[in-house]
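Chemist: Residue 118 is where the sequence shown starts when you use my numbering, and the numbers rise one by one after that. Cβ coordinates follow ideal geometry from the N, Cα and C atoms, glycine included.
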Amino acid sequence: MVSVTSLFPKVLTVTLFAVTGYLCLEHVDVLSPCVVDPIVFLMVSLALYTYFRVINVGPGYPSDFPALKVLDMSAAEAGTELPPEYLTKRSLTVKKDGRFRVCQSCRYWKPDRCHHCSSCDRCILKMDHHCPWIAGCVGFRNQKLFIQFLLYTTAYAIFVLSMTSVQLYRWFYNDKFQEELISGYLLFLWIFSLVVFIAMTLFSAFSVSQVLKNQTTIEMYGVQRWRNQARILGDQQASLHDVNIFNLGSWRKNWDEVMGHTLYEWLLPITVYKHHLGGHSLDNQGVFFRVDLQLNQSILESANLQERLTRRVTPRSSLDVDSRPLIR
Numbered sequence: 118m119v120s121v122t123s124l125f126p127k128v129l130t131v132t133l134f135a136v137t138g139y140l141c142l143e144h145v146d147v148l149s150p151c152v153v154d155p156i157v158f159l160m161v162s163l164a165l166y167t168y169f170r171v172i173n174v175g176p177g178y179p180s181d182f183p184a185l186k187v188l189d190m191s192a193a194e195a196g197t198e199l200p201p202e203y204l205t206k207r208s209l210t211v212k213k214d215g216r217f218r219v220c221q222s223c224r225y226w227k228p229d230r231c232h233h234c235s236s237c238d239r240c241i242l243k244m245d246h247h248c249p250w251i252a253g254c255v256g257f258r259n260q261k262l263f264i265q266f267l268l269y270t271t272a273y274a275i276f277v278l279s280m281t282s283v284q285l286y287r288w289f290y291n292d293k294f295q296e297e298l299i300s301g302y303l304l305f306l307w308i309f310s311l312v313v314f315i316a317m318t319l320f321s322a323f324s325v326s327q328v329l330k331n332q333t334t335i336e337m338y339g340v341q342r343w344r345n346q347a348r349i350l351g352d353q354q355a356s357l358h359d360v361n362i363f364n365l366g367s368w369r370k371n372w373d374e375v376m377g378h379t380l381y382e383w384l385l386p387i388t389v390y391k392h393h394l395g396g397h398s399l400d401n402q403g404v405f406f407r408v409d410l411q412l413n414q415s416i417l418e419s420a421n422l423q424e425r426l427t428r429r430v431t432p433r434s435s436l437d438v439d440s441r442p443l444i445r
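What follows is the structure in structure tokens.
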């Protein structure tokens with residue numbers, strides 16, 4: 118059964134796009150309907166299609182990979198059950214005590230950048246944040262689509278704001294205010310598009326900047342938390358925690374990692390081509406992630422060493438300990 122909290126944002130989003138599109142077609146006459154109508158229809162259709170693709174594709178879950186299932190939580194806590202070797206050899210984040218990350222609620226081993234969402238009550242691959250507008254999480258599989266939805270919505274708000282602004286300007290410039298009242302629908306459309314434009318521009322700019330850094334919102338707050346803790350404790354090595362190990366060294370590489378390598382992938386809500394190529398392997402599936410080549414070798418050496426030590430020594434439980442990058 119669909120809950121109200123899940124259905125409401127979907128109905129509201131569709132309604133807002135439909136109402137603004139209708140008002141724009143009926144009350145904006147800056148350009149010919151032959152020009153405005155196709156543009157509005159295309160922008161609304163593209164935004165809504167992408168919106169529902171964000172929801173339907175989902176963020177991706179560890180449960181998509183049966184090998185990550187914990188067979189015995191007690192054994193995993195005691196250190197006698199370990200993750201699959203393919204995960205331990207390529208994991209770059211561990212607990213503070215060196216243990217590999219595991220979710221006690223979902224009973225799955227957690228790959229790099231995977232976090233448990235309390236709202237969804239399940240672990241999310243490369244979790245960025247829980248979005249109330251989609252009643253779900255933005256993660257590995259739908260992050261590209263989410264960014265595109267933000268950009269489409271921003272472009273739509275700019276278009277509507279531009280059209281209504283020009284029409285309002287003409288209403289004042291031609292002294293029509295002396296003869297007729299301004300349309301309430303037009304005024305509402307202008308105010309609403311202005312608010313949406315400001316909000317979406319700021320949020321889109323933030324989200325795109327995170328992609329250009331190859332950093333999730335959770336990772337951004339994690340760095341801030343470590344920095345604050347280091348300041349309180351006087352940690353002289355705090356700068357190590359500021360290193361974003363998933364930053365590939367340039368904004369273009371970071372952008373391509375999420376949005377794809379071609380203009381078509383950037384502009385259209387389609388699956389990134391490399392994900393199709395990795396369909397029969399774990400590469401590009403949200404379990405492993407590339408890192409900066411300058412850090413790659415040293416990190417993997419540390420990860421392999423940690424993996425060998427973990428399999429030889431039974432460590433203490435670390436289910437309730439925060440994780441941090443495997444950089445000493």
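Does DSSP classify His144 as helix, strand or coil?
Modeler: Here residue 144 refers to the residue found at position 27 of the sequence shown. The answer is helix: DSSP assigns His144 an H, G or I state.
Chemist: Of all the options Phe320, Pro126 and Leu209, which has the alpha carbon lying nearest to the alpha carbon of Tyr269?
Modeler: Counting from one through the sequence shown, the residue named residue 269 turns up at place 152. Answer by Cα proximity: Phe320.
Chemist: Is it the case that the stretch 159-175 contacts the stretch 130-140, given that we only count it when at least three CB pairs across the two stretches are under 8 Å?
Modeler: Taking 8 Å as the limit for Cβ pairs, the verdict is that the stretch 159-175 does touch the stretch 130-140.
Chemist: In or out: Pro183 buried (at least 16 other Cβ within 10 Å) or exposed?
Modeler: Numbered from its first residue, the sequence shown carries residue 183 at position 66. By the 10 Å Cβ count, Pro183 comes out exposed.
Chemist: Nearest by alpha-carbon distance to Cys449: which of Leu188, Gly256, Thr333 and Pro228 is it?
Modeler: In the structure displayed, the chain extends from 118 to 445; residue 449 sits before or after that span and is not available.
Chemist: Is Gly177 helix, strand or coil by DSSP?
Modeler: Within the sequence shown, residue 177 is the residue found at index 60, counting from 1. In the structure shown, Gly177 sits in coil (DSSP, three-state: anything other than H, G, I, E or B).
Chemist: So, for Thr333: in the same chain, excluding its five sequence neighbours on each side, which residues have a beta-carbon less than 6 Å away from its beta-carbon?
Modeler: Here residue 333 refers to the residue found at position 216 of the sequence shown. Contacts found: Asp245.
Chemist: Is it buried or exposed, Cys220, if we count other Cβ atoms within 10 angstroms and call 16 or more buried?
Modeler: If you number the sequence shown from 1, residue 220 lands on position 103. That one is buried.
Chemist: Would you mind giving the Cβ-Cβ distance between Val457 and Trp250, rounded to the nearest angstrom? I have them listed as a contact below 8 Å.
Modeler: There is no way to answer for residue 457, as the model of the chain reaches only from 118 to 445.
Chemist: Let me check understanding here. Comparing Cα to Cα, which of Gly403, Asn371, Glu143 and Ile156 lies closest to Leu303?
Modeler: On the sequence shown, position 186 is the one that residue 303 refers to. Minimum Cα distance to Leu303 is reached at Glu143.
Chemist: At which residues does the alpha helix (DSSP H) containing Val375 begin and terminate?
Modeler: If you number the sequence shown from 1, residue 375 lands on position 258. Here the alpha helix (DSSP H) through Val375 covers Trp368 to Met376.
Chemist: Indicate the three-state DSSP secondary structure (helix, strand or coil) for Ile241 in the structure shown.
Modeler: By 1-based counting over the sequence shown, the position of residue 241 is 124. Ile241: strand per DSSP, three-state reduction.
Chemist: Residues in its own chain within less than 8 Å of Ala192 by CB, not counting five upstream and five downstream?
Modeler: Taking the first residue of the sequence shown as 1, we reach residue 192 at position 75. These residues qualify, in order along the chain: Glu198.
Chemist: Pick from Leu159, Met280, Ile172 and Ser180: whose alpha carbon is nearest that of Gln402?
Modeler: Residue 402 sits at position 285 when you count from the first residue of the sequence shown. Considering only alpha carbons, the answer is Ser180.
Chemist: Check this for me: beta carbons of Lys243 and Gly177, under 9 Å apart or not?
Modeler: Position 126 of the sequence shown, counted from the first residue, corresponds to residue 243. Position 60 of the sequence shown, counted from the first residue, corresponds to residue 177. Yes, the Cβ-Cβ distance between Lys243 and Gly177 is below 9 Å.
Chemist: Quick check: Ile62 and Phe276, are their CB atoms within less than 9 Å of each other?
Modeler: This structure cannot settle anything about residue 62, because the visible part of the chain is limited to 118 through 445.
Chemist: Would you mind working out which of Thr205, Lys330, Tyr273 and Leu384 sits nearest Trp371, comparing C-alpha positions?
Modeler: Against the sequence shown, residue 371 aligns to sequence position 254. Position check: residue 371 holds Asn in this sequence, whereas Trp was assumed. Selected option, being the one with the closest Cα: Lys330.
Chemist: Could you check if Val404 is buried or exposed, using at least 16 other CB atoms within 10 Å of its CB as the buried criterion?
Modeler: Looking up residue 404 in the sequence shown gives position 287. By the neighbour-count rule (16 or more Cβ atoms within 10 Å), Val404 is buried.
Chemist: Assuming Asn259 contacts Val171 (C-beta within less than 8 Å), just tell me the rounded distance between them.
Modeler: Numbered from 1 along the sequence shown, position 142 holds the residue referred to as residue 259. Numbered from 1 along the sequence shown, position 54 holds the residue referred to as residue 171. Asn259 to Val171, Cβ: 5 Å. Contact.
Chemist: Please determine, among Thr388, Pro386, Cys234 and Ser326, the residue with the shortest C-alpha to C-alpha distance to Trp368.
Modeler: The residue you call residue 368 lines up with position 251 of the sequence shown. Answer by Cα proximity: Ser326.
Chemist: Go ahead and pull the three-state DSSP assignment for Gly301.
Modeler: Reading the sequence shown from its first residue, position 184 is the one you call residue 301. Helix.
Chemist: Since Lys186 sits in a beta bridge, which residues does DSSP pair it with?
Modeler: For the purposes of this step, residue 186 is identified with residue 69 of the sequence shown, where counting begins at 1. Lys186 is bridged to Tyr225.
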